[in-house]
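Asks: Residue numbers (our numbering), protein chains in the order written: chain A, 1 to 337; chain B, 1001 to 1362.
For each residue, glycine too, the CB sits at the ideal point set by N, CA and C.
In this text, all values refer to a predicted model and were calculated from it rather than measured experimentally.
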């Protein structure tokens, strides 16, 4: 627990820095990963092997003219990127980056995460509406429908892990994975939950193949078409940090967070695995999931909005609910490892 | 909410060229599509009235720039018809091989652009990597990568480069393996199929009534390959099947073009080892004067039936040239195909029509 105001400020600054650095690293990672998948090199001029590219982009966006369209609703137009950003920042609190490195270990950690992640929808709808632009409005409507629908599936997948653990507290969830990650211990239902979770969070963060809202070949840029300069940078950054956060949540719930790869009570093996620092485990797992999500983007075509919603309501949700039932039975009967 | 009227283009990432579409929407459903043309109208037909019969071919390369050899071929055919020129066998073989290579290159670009429109961005780069090989072969033999102007009335402008045969054979072997990769990456992808099947259907009668030709019509079941119906050069001597599908939707058009790529490779394989020795250009006068009258000739470009109609008064320049472009009629069917579909489908339909706007606007 954070005790004094000074400590609060310092931790706050740490979170903001982490936020910024993560944004930089993820944007660069996306560009390099996409480039190598497309038989090209990606940014390699600015800085050593192109690593200062995002920094250069940030500086460019900072000095750019922030244009507000004529008929736009000024208050909402200016407020929208901040809401999206705040939704992403608040989620940094309950995630443990390493052993004993959790900023706020509240007793309803998982509930907090699912609740706060719904705030960014408001920001997106505000952005689309206040831009006074038909394309933005269409994009925002699509995005709003999509995010709200897929939150249900993501929630169901998260709940199935909570059932296995018996607690909403994140540190409890990680501690319960000391004998092995839930993905392996919970076998079939956990695997189904994991797959549903990955699909749902790809949709929640508006990533391809669910990126109808910002489909470049149709609506130019969807709900953030009219944004330029720092406000656009905030949207952009918030999107990538959101990806990091949902992958971090996936890694925490299914892959053990900072817990090294343990197998049951093989004490010797577990002890060996403990040599690798917990922060490396955490970031390794998270970045692996981020890589998978980026892989999706550059492989699959886009789903149409009605196909997207079909997928959620007719397939993912029923499967998720059935899986929840399965998981409950397994938890009660103790049929997991 | 009443009807929303949206302008797509002329500057837009997914209209293939400067096409301005005025779409009337009801929510996400398209009610009417009105193409507004003319953004790249360069008065080519009027320009040709002051160009000689050797010069006007250069301008046609720039119309449907992805099938530039084939466009030039059509012009050469009509002039040869007018002047009763006999084209030597070697030139005929070379012309057909270049045509088929161009068709392959055009379909490769179409494939990349189609996948990109639907959202999968990576195939675009793969398609261009393959296309570069054809461009390099063209550069070595013809001197240019896109607007070749190699086919002239009477035959070809120069002889083939000595490396041509070997490079084409290597390319065919390389590309065959890539086509199966394309199938894995895109054709068999369930998301792609869900985006393309039952989208933008057109019946056979409507396809004929709108004047569609090429893969658009063949996907609806219309037998219309000019290479089979009125063969020119050595097409009557090669064996290839026409790719016909029944459904008339986007996926059928996709399948037709993939099959056409296979058939093109088959044609090239039959011809590449048997190019006869001889002249590459018939002896013609320096200044060509078509006799008085009208002459028409059509060929099968990558987009469809391309026709050249010349009215000559007996001078060195034509009185009037009219180009029948395949894209114009294919575009006219867009409204019919797009009604009732969503905006996302509109993009898929435009990609599957394979429009090149300079061909439509001339």
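Could you tell me which chain B residues have their CB closer than 8 angstroms to the CB of residue 146 (chain A), listed as they occur along the chain?
Replies: By Cβ distance, chain B contributes nothing, its closest Cβ being about 13 angstroms from residue 146 (chain A), past 8 angstroms.
Asks: If the criterion is Cβ atoms closer than 8 angstroms, does the pair residue 347 (chain A) and residue 198 (chain A) meet it?
Replies: Within the shown structure, residues of chain A are numbered from 1 to 337, placing residue 347 (chain A) beyond reach of any answer.
Asks: Classify residue 1235 (chain B) as buried or exposed, calling it buried when 16 or more other Cβ atoms lie within 10 Å of its own Cβ.
Replies: Residue 1235 (chain B) is buried by the Cβ-count criterion.
Asks: Just how far apart, CA to CA, sit residue 1102 (chain B) and residue 1061 (chain B)?
Replies: Cα-Cα distance, rounded: 12 angstroms.
Asks: Can you check which of these residues, A:293, A:104, A:127, is closest to residue 246 (chain A) by C-alpha distance?
Replies: Taking only the C-alpha atoms, the option nearest residue 246 (chain A) is A:293.
Asks: Please classify residue 188 (chain A): does DSSP put it in a helix, a strand, or coil?
Replies: Of the three classes helix, strand and coil, the one that applies to residue 188 (chain A) here is helix, per DSSP.
Asks: Could you tell me if residue 1363 (chain B) is buried or exposed, where buried requires 16 or more neighbouring beta carbons within 10 angstroms of its beta carbon?
Replies: Outside the shown range of chain B (1001 to 1362) lies residue 1363 (chain B), about which nothing can therefore be said.
Asks: Would residue 1303 (chain B) and residue 1330 (chain B) be called neighbours here (beta carbons separated by less than 8 angstroms)?
Replies: Cβ distance < 8 angstroms, so residue 1303 (chain B) and residue 1330 (chain B) count as in contact.
Asks: What are the boundary residues of the beta strand (DSSP E) that includes residue 1032 (chain B)?
Replies: That run of the beta strand (DSSP E) goes 1029-1036.
Asks: Straight-line CA distance for residue 16 (chain A) to residue 89 (chain A)?
Replies: 8 angstroms
Asks: So, is residue 989 (chain B) buried or exposed, given that buried needs 16 or more other C-beta atoms within 10 angstroms?
Replies: The structure shown does not extend to residue 989 (chain B), since chain B is modelled only from 1001 through 1362, so no value can be given for it.
Asks: Return the chain-ordered list of same chain residues with a C-beta closer than 8 angstroms to the C-beta of residue 290 (chain A), the five sequence neighbours on each side being excluded.
Replies: 26, 29, 243, 244, 247
Asks: So residue 1324 (chain B) is in the beta strand (DSSP E); what residue range does that whole segment cover?
Replies: Here the beta strand (DSSP E) through residue 1324 (chain B) covers 1320-1324.
Asks: Quick one: Cα of residue 1185 (chain B) to Cα of residue 1196 (chain B), how far?
Replies: 15 angstroms
Asks: Determine the burial state of residue 254 (chain A): buried for a count of at least 16 other Cβ atoms within 10 Å of its Cβ, exposed for fewer.
Replies: buried
Asks: Whose Cβ in chain B lies nearer than 9 angstroms to the Cβ of residue 303 (chain A)?
Replies: Residues of chain B whose Cβ lies closer than 9 angstroms to the Cβ of residue 303 (chain A) are, in chain order, 1119, 1191, 1194, 1195, 1344.
Asks: Going by C-alpha to C-alpha distance, which of A:296, A:188, A:238, A:317 sits closest to residue 337 (chain A)?
Replies: Here the closest residue by C-alpha is A:188.
Asks: Is residue 329 (chain A) helix, strand or coil when you go by DSSP?
Replies: Assigned with DSSP and collapsed to three states, residue 329 (chain A) falls in helix.
Asks: Under a three-way DSSP split, which group does residue 247 (chain A) fall into?
Replies: helix
Asks: Taking only the alpha-carbon atoms, compute the straight-line gap between residue 321 (chain A) and residue 330 (chain A) and give it to the nearest angstrom.
Replies: 14 angstroms
Asks: For residue 1289 (chain B), I'd like the list of residues in its chain whose CB is within less than 7 angstroms of its CB, leaving aside the five on either flank, ordered along the chain.
Replies: The answer, listed in chain order, is 1314, 1315, 1316.
Asks: Check residue 1102 (chain B) in the structure and name its three-state DSSP category.
Replies: Looking at residue 1102 (chain B) - three-state DSSP - the assignment turns out to be helix.
Asks: Let me confirm a value: residue 333 (chain A) is counted as buried when at least 16 other C-beta atoms fall within 10 Å, else exposed. Which label applies?
Replies: exposed
Asks: Could you name the residues of chain B that residue 37 (chain A) contacts, counting a contact when the two beta carbons are closer than 7 angstroms?
Replies: By Cβ distance, chain B contributes 1122.
Asks: Reducing DSSP to helix, strand and coil, say where residue 84 (chain A) ends up.
Replies: helix
Asks: Residues of chain A with CB under 9 angstroms from residue 1125 (chain B), in chain order?
Replies: Those are 37, 38, 39, 40, listed as they occur along chain A.
Asks: Which residues share a DSSP beta bridge with residue 1023 (chain B)?
Replies: Residue 1023 (chain B) pairs with B:1006, B:1033.
Asks: Would a check of beta-carbon distances place residue 217 (chain A) closer than 8 angstroms to chain B?
Replies: Interpretation of residue 217 (chain A) is limited by its pLDDT of 46, a score under 50 that renders its predicted location unreliable; no figure is taken from the coordinates.
Asks: Please state the DSSP three-state secondary structure of residue 217 (chain A).
Replies: Only weak support exists for where residue 217 (chain A) lies, its pLDDT of 46 falling under 50; the value from the coordinates is given anyway. Of the three classes helix, strand and coil, the one that applies to residue 217 (chain A) here is helix, per DSSP.
Asks: Is residue 1300 (chain B) helix, strand or coil when you go by DSSP?
Replies: strand
Asks: Counting only Cβ pairs nearer than 7 angstroms, list the residues of chain A close to residue 1006 (chain B).
Replies: 134
Asks: What do you get for residue 1229 (chain B), buried or exposed, if any count of 16 or more other CB atoms within 10 angstroms of its CB means buried?
Replies: exposed
Asks: Note down the Cα distance separating residue 129 (chain A) from residue 326 (chain A), rounded to an integer number of angstroms.
Replies: Roughly 42 angstroms between the two C-alpha positions.
Asks: Are any of the Cβ atoms in chain A nearer than 8 angstroms to that of residue 1129 (chain B)?
Replies: yes
Asks: Could you name the residues of the same chain whose beta carbon sits closer than 6 angstroms to that of residue 1092 (chain B), not counting the 5 residues immediately before and after it, in chain order?
Replies: 1233, 1234
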